[in-house]
Amino acid sequence: MRPIISKTLIYLISVCGVACSAEERPNIVVILCDDLGYADVGFNGSTDIQTPELDELAAAGTRFSSAYVSHPFCGPSRMSLLSGRYPHPMGTPYNLAPLSYDFPESSTLGIPESEVLISKVLQQSGYRTGIVGKWHLGFEPQYHPNVRGFDDFYGFLGGGHFYFPEKYKPIYERQKKAGKSPIEEYLLPLEHNGKEVDETEYITDGLSREAVRFVKESAEMEQPFFLYLSYNAPHSPLEAKEEDMEPYRHIKDIKRRKYAGMVAAVDRGVGELVDALREAGVFENTLIVFTSDNGGKTTLGANNAPLKKGKGSVSEGGIRVPMFFHWPKVVPSGQLFEHPVSTLDFYPTFADLARAEIPAGKLLDGVALLDAVKKRESPRRGDMVYAVRHRDGFSEISGRRDSWKAIWDTKGGSWRLYNVDKDMAEKNDLSAQYPERLEELKAGIRRWTATHTQPLWFHSVQEMEGWKENEMPRYDDAFGAN
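The sequence shown begins at 12 in the numbering used here and counts up one residue at a time.
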């Protein structure tokens, strides 16, 4: 790749007199799984599911043992990753309604157009940007990935998809012929930049193939690239290839066996992507980030051990996820980073690495990570990471500051306090021993909840009606009226 100077870099040169080349700005690849359990990768201790490709990258990079997402299920979490903001102050704490719900008050909306996504920031700084896989940020044209900063999009707009084309295509064709509208989004054809495509491979394999294509194309261009490889695996439906399940035939639980096969397909795809980066000669200058959008769903084969609960919960199992950074000679190799980090940190971290200009007035809830990772220091000492999940008639609430976590997750219950550095499983409630510390955390969480706004949409009519009937979010139940 020959050196180039983008408009942004020309500005930087005029200011500081330092010539920069495209090689000095890394390519950035984010690999995001869907509902991946904390203990379902080898580098996080899995004993039954093998992930050799991921483990090799993790071993040569920095693993994060206290990595968090902003929300315990997918739509709000993914919106936060790309916007750099918590969902609740944006009004996006619910998934968008699927098309099949016929609930246009939700399904016609999407992540606010006022939010400049990291994809747009990188695009404007001279990066070629691509997304492969799941979008889940809006169906309408104004929310389309190609409008929100992605030069190249291959995948689907909804929250999930069936995996075997030979199975879902006939159903789609029958419904289309019968004039059914709307058709379930899990059946819809995939698209490439707004045009339907005839995907013939198992979906995970097809997405991996397209990620490889994007890397090969981008490596031939005189600009760095940003790839967001947004897998829907191992999210339901549990559909795995027989050959991927074969090594796990000893697993008696069929859900776990299918789940393992789905993770195996992701691991294989990551290996193919790494091979493509190496062959293109850009592996050494590429930051690879791997994580999940939330905790695993234990009723569908996932394992979050030793964490408590899973997807949908503000306990550790719902919001603490596997994560690593890999970048040869830049990100420390073989390091375990134990301080709290968040997917909210991706936005400022990537913008910093790209020397990109963040729009004036853009609100960000994360911090740039790389310097802290290199120094093995907390990037947010004294600051909190939060999570809120609205349920029927009450809101689960949690906040972590350094080693300490406060949580209120039972209607009519009480606050609890944990030292999650020593007690990942949240077994030992220390609220009686440290009441002042609990009150400090509660006060910080309460200040944050005061920034929340009313949801812009709800996942279903029932949730919308329940919000009104229960006078949600009912934060006074947790903090008191004063």
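Beta carbons: idealized from backbone N, C-alpha and C, even for Gly.
Give every residue of the same chain whose Cβ lies closer than 6 Å to the Cβ of residue 343, excluding the five residues on either side of it in the sequence, and list them in chain order.
The beta carbon of residue 343 sits closer than 6 Å to those of 73, all from its chain and outside the five residues before and after it, given in chain order.
Test item: CB-CB of residue 397 and residue 410 under 9 Å
yes
Let me know the alpha helix (DSSP H) ranges lying completely inside the region 40 to 120, each 4 residues or longer, listed in chain order.
63 to 70, 85 to 94, 98 to 101 and 115 to 118
Among the residues of its own chain, which have a CB less than 8 Å from the CB of residue 5, if the five just before and after it don't count?
No statement about residue 5 is possible, as the shown extent of the chain runs from 12 to 493 and does not include it.
Residue 150 and residue 119 - do their beta-carbons sit closer together than 9 Å?
yes
Expected contact under 8 Å - CB spacing of residue 77 and residue 351 to nearest Å:
5 Å
Smallest Cα separation from residue 484: which of 36, 336 and 403?
Answer by Cα proximity: 403.
With residue 358 and residue 235 assumed to form a contact (beta carbons below 8 Å), what rounded beta-carbon distance in angstroms separates them?
Residue 358 to residue 235, Cβ: 17 Å. No contact.
Just mark residue 13 as buried or exposed, buried being the case when its beta carbon has 16 or more other beta carbons within 10 Å.
Model confidence at residue 13 stands at a pLDDT of 30, short of 50, so the residue's coordinates are unreliable and nothing is read from them.
Answer yes or no: does any C-beta atom of chain D fall closer than 9 Å to that of residue 154?
Checking the listed chains, one finds no chain D in this structure; it contains a single protein chain.
How would you write the range of the alpha helix (DSSP H) that residue 134 sits in, first residue to last?
129 to 135
For residue 33, count the other beta carbons within 10 Å of its own beta carbon; 16 or more makes it buried, fewer makes it exposed. Which is it?
Only weak support is given to the placement of residue 33: the predicted model assigns it a pLDDT of 43, under 50, and the value that follows is read from those uncertain coordinates. Burial of residue 33 is indicated by the presence of at least 16 other C-beta atoms within 10 angstroms of its C-beta.
By the three-class DSSP mapping on this structure, what secondary structure does residue 429 have?
The answer is strand: DSSP assigns residue 429 an E or B state.
Specify, as a first and last residue, the run of the beta strand (DSSP E) that residue 163 falls within.
For residue 163, the uninterrupted beta strand (DSSP E) run begins and ends at 163 to 167, by DSSP.
Can you grab the Cα-Cα spacing for the pair residue 427 / residue 489, in whole Å?
11 Å
What residues in its chain sit with their C-beta under 7 Å from that of residue 373, if we drop five residues either side in the sequence?
127
Secondary structure at residue 392, three-state DSSP: helix, strand or coil?
Secondary structure at residue 392: coil, using DSSP grouped into helix, strand and coil.
For residue 453, count neighbouring Cβ atoms within 10 angstroms of its own Cβ and tell me buried if that reaches 16, exposed if not.
buried
So residue 88 and residue 304 are supposed to be a Cβ contact under 8 Å. How far apart are they, rounded?
5 Å
Could you check what DSSP says for residue 38 in three-state terms: helix, strand or coil?
Three-state result, residue 38: strand.
Do residue 68 and residue 384 come within 9 Å of each other at the CB atom, strictly closer than that value?
No. Outside cutoff.
For residue 295 and residue 231, what's the separation of their Cα atoms in angstroms?
16 Å
Between 38, 386 and 160, which lies nearest to residue 135 when the distance is taken from Cα to Cα?
160
DSSP has residue 441 in a bridge; who is on the other side?
DSSP output for residue 441 lists no bridge partner at all.
Can you find the residues in the same chain that come closer than 8 Å, C-beta to C-beta, to residue 121, ignoring five residues on each side of it along the sequence?
Counting only Cβ-Cβ distances below 8 Å, and skipping sequence neighbours, we find 107, 148, 149, 150, 151, 153 and 154.
Grab me the residues of residue 316's own chain with a C-beta within less than 6 Å of its C-beta, minus the 5 sequence neighbours each way, in chain order.
50
Is it the case that the Cβ atoms of residue 229 and residue 144 are separated by a distance below 9 Å?
no
Hey, would you say residue 197 sits closer than 9 Å to residue 217, going by beta carbons?
no
Pick helix, strand or coil for residue 419, following the three-state DSSP scheme.
strand
Quick one: using the 10 Å Cβ neighbour count with 16 as the cut-off for buried, is residue 313 buried or exposed?
buried
Got a sec? Which residues, its chain only, sit under 8 Å from residue 326 by beta carbon, not counting five neighbours each side?
318, 319, 320, 409, 418, 420 and 437
With the cut-off set at 9 Å, would you say residue 60 and residue 299 are in Cβ contact?
No, they are not a contact pair.
So, at 7 Å on beta carbons, what are the nonlocal neighbours of residue 163 in its own chain, with the 5 sequence-adjacent residues on each side left out?
141, 204 and 225
Cβ atoms of residue 95 and residue 364: under 9 Å apart, would you say?
In this structure, residue 364 keeps its C-beta atom at 9 Å or more from the C-beta atom of residue 95.
In its own chain, which residues sit with a C-beta less than 6 Å from the C-beta of residue 289, not counting the 5 before and 5 after it?
none
Helix, strand or coil for residue 365, going by three-state DSSP, please let me know.
helix
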